Structure formats: C-alpha cells, structure tokens
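**Q** This structure is in structure tokens; I'll ask about it shortly.
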Amino acid sequence: MSELLGFLRPILNRSSDGVLICLVSIYCSLLAFTSTLSAGEAVKPSPPNIVFILADDLGWGDVGCFGQKKIPTPHLDSLARNGMRLTQHYSGAPVCAPSRCVLLSGKHLGHAEIRGNQQAKIRFPQFTEGQHPITDSVFTLAECFKQAGYRTAAFGKWGLGSVGSTGDPNRQGFDLFFGYNCQAVAHSYYPAHLWRNHEKIPLNTSPIPGHKKQPEGEIKVRDWLGEKYAPREMLQAAEQFLKEQGDKPFFLYLPFIEPHVAMHPPEDSLQRFPAAWDDVPYRGQCGYLPHPRPRAAYAAMVSDLDSYVGRVVEILKNKNLLNSTLIVFTSDNGATHAHASDNRFHVGGFDAAFFNSTAGLRGYKGSLYEGGIRVPTIVHWPGNIAAGSQTDQPSYFADWYPTLCEATGIKPPAELDGESLVPSLKTGERFERKRPMVWVFPEYGGQIAIRLGDFKVIKQGLKTKKPQAWEVYDISRDPGEQNDLSNERTDLIARAKEVLQKETIDNEVFPVPLPEH
1 MSELLGFLRP ILNRSSDGVL ICLVSIYCSL LAFTSTLSAG EAVKPSPPNI VFILADDLGW
61 GDVGCFGQKK IPTPHLDSLA RNGMRLTQHY SGAPVCAPSR CVLLSGKHLG HAEIRGNQQA
121 KIRFPQFTEG QHPITDSVFT LAECFKQAGY RTAAFGKWGL GSVGSTGDPN RQGFDLFFGY
181 NCQAVAHSYY PAHLWRNHEK IPLNTSPIPG HKKQPEGEIK VRDWLGEKYA PREMLQAAEQ
241 FLKEQGDKPF FLYLPFIEPH VAMHPPEDSL QRFPAAWDDV PYRGQCGYLP HPRPRAAYAA
301 MVSDLDSYVG RVVEILKNKN LLNSTLIVFT SDNGATHAHA SDNRFHVGGF DAAFFNSTAG
361 LRGYKGSLYE GGIRVPTIVH WPGNIAAGSQ TDQPSYFADW YPTLCEATGI KPPAELDGES
421 LVPSLKTGER FERKRPMVWV FPEYGGQIAI RLGDFKVIKQ GLKTKKPQAW EVYDISRDPG
481 EQNDLSNERT DLIARAKEVL QKETIDNEVF PVPLPEH
C-alpha cells in the first residue's frame with residue numbers, strides 16, 4: 001500500500017478537487033479491501049439452496065423438451081432452456097419406494113435397504129399405513145444437509161416408513177414434512193387426511209377412494225371429486241416454506257404425486273384439453289378410478305405438475321433466490337405399464353401410446369428396460385450450468401447424494417454408491433465412471449440390470465421357475481433395446497456376474513436370487 005500511496009501523491013498534488021476526492025475514495029476502498037485480505041477474512045460465496053422436484057410415474061417422453069407433442073409443459077421447457085437436460089439419467093428403481101430409497105441413501109439396489117414396495121404392516125402390524133421403514137442406520141441426504149446447517153423440508157409423498165417408525169421423515173433428517181406418508185393412501189387425490197410431521201391433518205370428510213369400478217351408466221367427473229385437492233394443499237405448504245426463507249440455506253424435497261393414477265384432476269385443469277381426444281370412457285377395469293375423459297385427465301395431471309414447477313420458480317425469483325438455488329427435476333420411474341384386462345388402457349386408464357410416453361424406449365414402470373427407468377431430468381444451476389445445454393453422461397439416482405454434496409461444499413459420507421455429476425453438469429462432457437450402475441429388483445418376477453459403459457446387461461424372471469436368458473444391449477446405438485447382443489458379448493455377461501457378486505448384499509425383506517448361469 002505504501003508503494004500505491006507514493007504513486008498517487010504526485011497525481012493528487014496536480015489534481016482538481018473533484019479528481020482528488022475520487023482518487024482518495026479509491027485509495028480508501030483499496031486500503032479497506034487489503035486490510036480484509038490481510039486479516040484472512042475474504043468473503044466466501046454462500047452455498048446454494050437445493051430444490052429437488054420428483055414426479056411420480058412420469059414417462060421419458062411426457063415433457064415437451066423430451067419430445068412430448070400433446071401436453072404443453074412450458075415451465076419445465078423453460079427450466080431446460082435455462083439449464084441442462086440429462087438425456088441418459090435413470091431412476092433408482094422401476095417403482096416408487098425403492099427408487100426414493102436409492103435417492104435419499106445414495107445406495108443402489110444391491111445395497112439399499114428398501115428394494116421393493118411393501119406395506120409396513122406386513123412386518124410391523126402396529127402400523128396401519130405406510131411402507132416398510134428404512135432404519136436409523138441410514139444417513140439420508142436430508143440428514144447430511146441438516147447436519148451441515150441447512151433447513152430441510154419435504155412436501156409430497158414419502159413412502160419410506162410409517163409415522164412413528166424409524167423411517168418417519170422427521171427421524172430421517174426433515175425438519176418439516178407435509179403430505180402423504182403412505183403410497184397406498186396417495187392413490188387418492190382427495191384423501192381423508194395428510195400428515196404434518198406427527199399430526200394427522202383432516203382433509204376430506206367424504207374422502208374419494210383410489211380404487212373403484214363403474215361398469216354401467218354415465219361416468220361423471222363430479223362424482224369423483226372431493227372437498228380439498230391434496231396436491232394443491234401440499235403445493236401451498238411448499239410455497240409458504242419458500243416465502244419464509246431467510247439467510248439460512250435450505251434443502252427442499254418436493255416429491256409430487258402427479259401423474260400417478262388414479263386420475264381425477266380438478267375440472268378446471270381437465271377443461272384445458274380437447275373433448276375430442278376421448279371417445280371411450282374408462283370404467284375402472286384396469287384398476288383405480290373410472291373417468292369419462294382419461295386422456296384429457298392424464299394431460300391435465302402432467303400440465304398441473306408443470307404449473308407447480310412454474311410456481312416454485314416464480315417464488316424463488318421474487319425472493320431473489322433463483323440465482324443461488326440448484327434445482328433438479330426428475331421422475332421416480334417410467335410411465336405406467338399395461339394391464340391385462342383391456343388392451344386399450346394401461347393401469348388406471350392411462351393411454352401410453354396416445355401420448356408416446358416412452359418416446360420409443362422399451363418397457364414401462366416395473367421393468368428394468370429403458371422405458372421403466374430412464375427418466376426426464378433437468379438441472380438448473382445459474383452460473384454453473386450453461387443455458388440450453390445437455391449431457392448424455394450415464395447417471396442415476398445414487399449419484400445425487402455426492403453431486404449435491406459437492407455442489408454445496410458438504411463432505412459426503414464414505415462409501416456411497418453414486419458418483420458426483422458436477423463435472424458433467426458444468427461442462428456437458430462425459431466422464432468414465434469408476435463404479436457400475438446397478439439395479440437388483442425383487443418385484444415383477446425378479447430382475448437385475450447393470451450398466452457397463454454404453455452397454456446394459458439385463459436378466460429377468462429370477463424369482464420364477466424359468467428365469468429368462470441374459471440380454472445385452474448397446475444403449476448408445478440401440479436405446480429401444482431391440483438388438484440383443486448376448487451371443488456376441490459373453491464377456492459383458494461374465495463382467496455383470498462379477499459386479500453382482502461384489503455389489504449385492506443379502507436382504508431378507510427383499511430377496512433376489514443371483515443367477516448362477
């Protein structure tokens with residue numbers, strides 16, 4: 001600083017008063033800044049807030065920026081235009097509960113405690129609702145953020161343990177939870193109650209069941225509408241949480257329930273779509289509730305989901321938080337699968353072909369083919385992700401734990417199964433994974449899949465009398481999984497067997513026999 005003063009002195013002697021004042025001001029600012037640096041007190045950037053939005057049974061092709069032509073999703077498309085699309089991102093499992101377990105634990109299905117959908121009452125008869133609970137030994141993503149000083153909250157569908165169990169969201173790191181604890185209760189959009197932490201909040205005095213048939217007579221929309229629409233109640237609670245934020249960073253988990261069946265969106269949402277779409281009513285023959293306009297109903301649910309994203313983004317803008325928030329949008333698994341009762345409809349009256357919901361991928365929810373686990377995924381992180389970018393880096397739910405930790409400067413726990421995606425998010429470039437991507441799924445006959453580079457090795461029917469043969473697909477050239485390379489790539493099958501032996505631990509609640517051949 002003495003050298004700077006010596007440089008300025010002759011200038012100050014020749015300067016007018018105005019210039020003199022300006023130079024003195026610069027000098028004082030530099031002096032203050034240098035003093036701060038010398039004291040070791042340089043300002044560090046604040047860690048970003050995290051908003052993680054999880055759709056329920058949203059197909060790979062159900063979003064405009066992933067190819068959807070019939071359902072407008074302007075808010076998600078805008079998020080992608082200002083962020084990044086992940087074009088080879090996979091869910092943790094092909095059904096709800098285990099996928100959420102992988103997400104929040106950072107453990108793939110070979111290590112995760114929850115590997116299927118099982119009601120808690122099967123092993124814990126004291127609980128009348130909720131799914132099999134994760135244990136206290138799981139150090140969830142929410143617990144990690146809470147320990148690091150973040151405010152944590154979740155609004156939506158839980159599915160990882162009953163209220164009062166070890167899997168209770170309040171015991172797994174969330175300061176505030178409001179929504180459905182139980183996935184089965186979430187089959188209805190007009191339930192009797194929701195949960196706010198340990199308090200049961202009455203919602204509808206005449207709740208609408210999630211399952212019912214109407215074989216005869218006119219099906220009327222209003223016959224299946226209740227008093228309070230649960231998704232709007234949960235969204236309002238999430239909005240209130242965001243509006244109340246101060247200087248403390250937050251981790252907000254939004255596992256919305258759309259577009260999981262049953263389909264009974266509000267009438268105002270339904271009316272946005274053409275009556276001409278639906279020439280055949282759905283009578284409940286494939287499970288869940290009847291609906292006179294099932295195609296319009298599904299579109300309304302996806303459109304509503306998109307509007308929720310828009311409202312969250314708008315509040316972040318209004319609070320001047322958007323530029324300091326990392327937003328992830330994805331789905332817990334692929335689109336709803338077919339039903340044997342009627343080939344015109346999938347489960348719950350969903351018409352996957354009409355919307356091209358898998359965009360050419362093979363399989364649906366419940367399957368480890370691409371259509372069951374490849375999910376539309378968008379990341380918005382201003383200042384770190386290039387607007388309108390994309391990456392085809394293979395990735396899955398186990399990766400979010402280390403990714404969000406690196407993005408926020410939080411040290412993750414050891415031995416997570418995922419890998420940080422931050423390098424790909426910032427550059428769009430692929431990196432070579434050090435660990436394989438693994439799915440060990442006990443339901444729908446018992447299935448396993450391993451992603452090895454550009455290849456996927458899959459085997460089905462492991463819990464049946466006749467397990468199916470190994471299949472191998474080059475996903476980079478054959479995303480529709482039509483050309484089985486198992487006869488040519490026996491080396492990949494051998495490698496997959498080695499990976500399974502190394503990456504799978506026994507799970508007596510959700511057993512899967514590993515293949516010997």
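At the far end of the sequence shown sits residue 517, using the working numbering, and the numbering has no gaps. Heads up, the beta-carbon is just placed ideally off N, CA and C, and yes, glycines get one too. It should be emphasised that the depicted structure is a prediction, and the values quoted were computed from it without experimental measurement.
Cα separation between Phe-397 and Ala-93?
**A** Here residue 397 is taken as the residue at index 397 of the sequence shown, counted from 1. Here residue 93 is taken as the residue at index 93 of the sequence shown, counted from 1. Roughly 9 Å separates the two Cα atoms.
**Q** Does Tyr-298 come out as helix, strand or coil in the three-state DSSP assignment?
**A** Translated into the one-based positions of the sequence shown, residue 298 becomes position 298. Tyr-298 falls in the helix class under three-state DSSP.
**Q** In three-state DSSP terms, what is Ser-160?
**A** For the purposes of this step, residue 160 is taken as residue 160 along the sequence shown, with counting starting at 1. Sequence check: residue 160 is Leu here, not Ser. Looking at Leu-160 - three-state DSSP - the assignment turns out to be coil, as it is neither helix nor strand.
**Q** Report the three-state DSSP secondary structure of Ser-25 (helix, strand or coil).
**A** Taking the sequence shown and counting its residues from 1, one reaches residue 25 at position 25. Confidence is the limiting factor: at Ser-25 the pLDDT is only 46, short of 50, which leaves the residue's position unreliable, though a coordinate-based value still follows. Note: Ser-25 maps to helix in three-state DSSP.
**Q** Buried or exposed, going by whether 16 or more other CB atoms sit within 10 Å of the CB of Ser-29?
**A** As a first step, residue 29 is located in the sequence shown; it is residue number 29 there, counting from the start. Legend: pLDDT at Ser-29 = 44, less than 50; position of this residue unreliable, no value from coordinates given.
**Q** If we ignore side chains and look at the alpha-carbon of each, how far apart do Gly-67 and Asp-484 end up?
**A** As a working mapping, residue 67 is identified with position 67 in the sequence shown. As a working mapping, residue 484 is identified with position 484 in the sequence shown. Taking the straight line from one Cα to the other gives about 26 Å.
**Q** Suppose only complete runs of 4+ residues qualify. What are the alpha helix (DSSP H) ranges in the region 354-435, listed by chain order?
**A** 370-373, 400-408, 422-427
**Q** Is Phe-33 helix, strand or coil when you go by DSSP?
**A** Working through the sequence shown from its first residue, we reach residue 33 at position 33. At Phe-33 the pLDDT is 40, less than 50, meaning the model places this residue with poor confidence and gives no usable figure here.
**Q** Within this structure, are the beta carbons of Ile-219 and Tyr-190 separated by less than 7 Å?
**A** Position 219 of the sequence shown holds residue 219. Position 190 of the sequence shown holds residue 190. Their beta carbons are not under 7 Å apart, which means Ile-219 does not touch Tyr-190 by this criterion.
**Q** So is Asp-168 buried or exposed if we call it buried at 16+ other beta carbons inside 10 Å?
**A** Residue 168 sits at position 168 when you count from the first residue of the sequence shown. By the neighbour-count rule (16 or more Cβ atoms within 10 Å), Asp-168 is buried.
**Q** Out of Gly-409, Glu-227, Leu-492, point me to the one whose CA is closest to Pro-554's CA.
**A** What the structure shows of the chain is the stretch from 1 to 517, and residue 554 is not part of that stretch, so it cannot be assessed.
**Q** Spatial neighbours of His-339 within its chain, please: C-beta separation below 7 Å, excluding the five flanking residues on both sides.
**A** Stepping through the sequence shown from its first residue, residue 339 is reached at position 339. Counting only Cβ-Cβ distances below 7 Å, and skipping sequence neighbours, we find Cys-286, Gly-287, Phe-345, His-346, Val-347.
**Q** Identify which residue in Ile-448, Ile-50, Ile-327, His-132 has its Cα closest to the Cα of Val-509.
**A** Counted from its first residue, the sequence shown places residue 509 at position 509. Looking at the Cα atoms, His-132 is the closest of the given residues.
**Q** Using the C-alpha atoms, what's the distance from Leu-404 back to Met-84?
**A** Working through the sequence shown from its first residue, we reach residue 84 at position 84. Working through the sequence shown from its first residue, we reach residue 404 at position 404. Cα to Cα, Met-84 sits roughly 15 Å from Leu-404.
**Q** How about Pro-521 and Leu-416: are their beta carbons less than 7 Å apart?
**A** This structure cannot speak to residue 521, because the chain is shown only from 1 to 517.
**Q** Could you say which of Gly-173, Ala-386, Pro-394 lies nearest to Pro-376 if we only look at CA atoms?
**A** Residue 376 sits at position 376 when you count from the first residue of the sequence shown. Nearest C-alpha to Pro-376: Pro-394.
**Q** Report the three-state DSSP secondary structure of Arg-85 (helix, strand or coil).
**A** On the sequence shown, position 85 is the one that residue 85 refers to. Note: Arg-85 maps to strand in three-state DSSP.
**Q** Residues in its own chain within less than 8 Å of Lys-228 by CB, not counting five upstream and five downstream?
**A** Here residue 228 corresponds to residue number 228 of the sequence shown, with the count starting at 1. Counting only Cβ-Cβ distances below 8 Å, and skipping sequence neighbours, we find Tyr-190, Leu-203, Asn-204.
**Q** In chain order, what are the residue ranges of uninterrupted beta strand (DSSP E) at least 3 long that sit wholly in the region 188-238?
**A** Qualifying beta strand (DSSP E) stretches, in chain order: 193-196, 199-202.
**Q** Can you give me the C-alpha to C-alpha distance between Asn-507 and Ser-367, rounded to a whole angstrom?
**A** Walking along the sequence shown from the start, residue 507 turns up at place 507. Walking along the sequence shown from the start, residue 367 turns up at place 367. C-alpha separation (whole angstroms): 20 Å.
**Q** Is Leu-252 closer than 7 Å to Val-51 when the C-beta atoms are compared?
**A** Indexing the sequence shown from 1 puts residue 51 at position 51. Indexing the sequence shown from 1 puts residue 252 at position 252. The answer is yes: Cβ separation under 7 Å.
**Q** Using the Cα positions of Ser-105 and Gly-179, report the straight-line distance between them to the nearest angstrom.
**A** Indexing the sequence shown from 1 puts residue 105 at position 105. Indexing the sequence shown from 1 puts residue 179 at position 179. Taking the straight line from one Cα to the other gives about 20 Å.
**Q** Counting pairs of beta carbons, one from the region 324-336 and one from the region 51-66, are three or more of them closer than 8 Å?
**A** yes
**Q** Quick check on the burial criterion: 16 or more other C-beta atoms within 10 angstroms. Buried or exposed for Phe-431?
**A** The residue given as residue 431 occupies position 431 in the sequence shown. Phe-431 is exposed by the Cβ-count criterion.
**Q** Is the Cβ-Cβ distance between Ala-296 and Leu-270 less than 7 Å?
**A** Here residue 296 refers to the residue found at position 296 when the sequence shown is read from its first residue. Here residue 270 refers to the residue found at position 270 when the sequence shown is read from its first residue. Yes.
**Q** Please classify Glu-244 as buried or exposed, where buried requires at least 16 neighbouring CB atoms within 10 angstroms.
**A** Stepping through the sequence shown from its first residue, residue 244 is reached at position 244. Label assigned to Glu-244: exposed.
**Q** Among the candidates Leu-452, Thr-166, Lys-463, whose CA atom is the shortest distance from the CA of Ser-137?
**A** What you label residue 137 is simply residue 137 of the sequence shown in a count that begins at 1. With distances taken between Cα atoms, Ser-137 lies closest to Thr-166.
**Q** Measure the C-alpha to C-alpha separation of Trp-158 and Lys-411 and round it to an integer number of angstroms.
**A** Within the sequence shown, numbered from 1, the residue matching residue 158 stands at position 158. Within the sequence shown, numbered from 1, the residue matching residue 411 stands at position 411. Roughly 25 Å separates the two Cα atoms.
**Q** The beta strand (DSSP E) spanning Ser-331 covers which residue range?
**A** Taking the first residue of the sequence shown as position 1, residue 331 is located at position 331. Boundaries of the beta strand (DSSP E) harbouring Ser-331: 325-331, taken from the DSSP string.
**Q** Indicate whether Thr-336 and Asp-62 have their beta-carbon atoms separated by less than 7 Å.
**A** Indexing the sequence shown from 1 puts residue 336 at position 336. Indexing the sequence shown from 1 puts residue 62 at position 62. Their beta carbons are not under 7 Å apart, which means Thr-336 does not touch Asp-62 by this criterion.
**Q** How far does the alpha helix (DSSP H) with Ala-494 in it extend, from its first residue to its last?
**A** Against the sequence shown, residue 494 aligns to sequence position 494. 490-503 is the extent of the alpha helix (DSSP H) around Ala-494.
**Q** What's the call for Pro-513, buried or exposed, on a 16-neighbour Cβ count within 10 Å?
**A** The sequence position of residue 513 within the sequence shown is 513, counting from 1. Exposed is the call here.
**Q** Mapping DSSP to helix, strand and coil, what is Gly-40?
**A** Along the sequence shown, one-based indexing puts residue 40 at 40. Summary for Gly-40: the model assigns pLDDT 44, below 50, so the residue's position carries little reliability, and this model does not support an answer.
**Q** Helix, strand or coil: which one does DSSP assign to Leu-12?
**A** Here residue 12 is taken as the residue at index 12 of the sequence shown, counted from 1. Confidence at Leu-12 is low in this model, with a pLDDT of 40, below 50, so its placement is unreliable and the value that follows should be read with caution. In the structure shown, Leu-12 sits in a helix (DSSP, three-state: H, G or I).
**Q** Are the CB atoms of Leu-225 and Ala-238 nearer to each other than 7 Å?
**A** Locating residue 225 in the sequence shown gives position 225, counting from the first residue. Locating residue 238 in the sequence shown gives position 238, counting from the first residue. In this structure, Ala-238 does not lie closer than 7 Å to Leu-225 by Cβ.
**Q** Just grab the DSSP bridge partners of Gln-460 for me.
**A** To locate residue 460, count along the sequence shown from 1; it is residue 460. In DSSP, Gln-460 forms a bridge with Gln-447.
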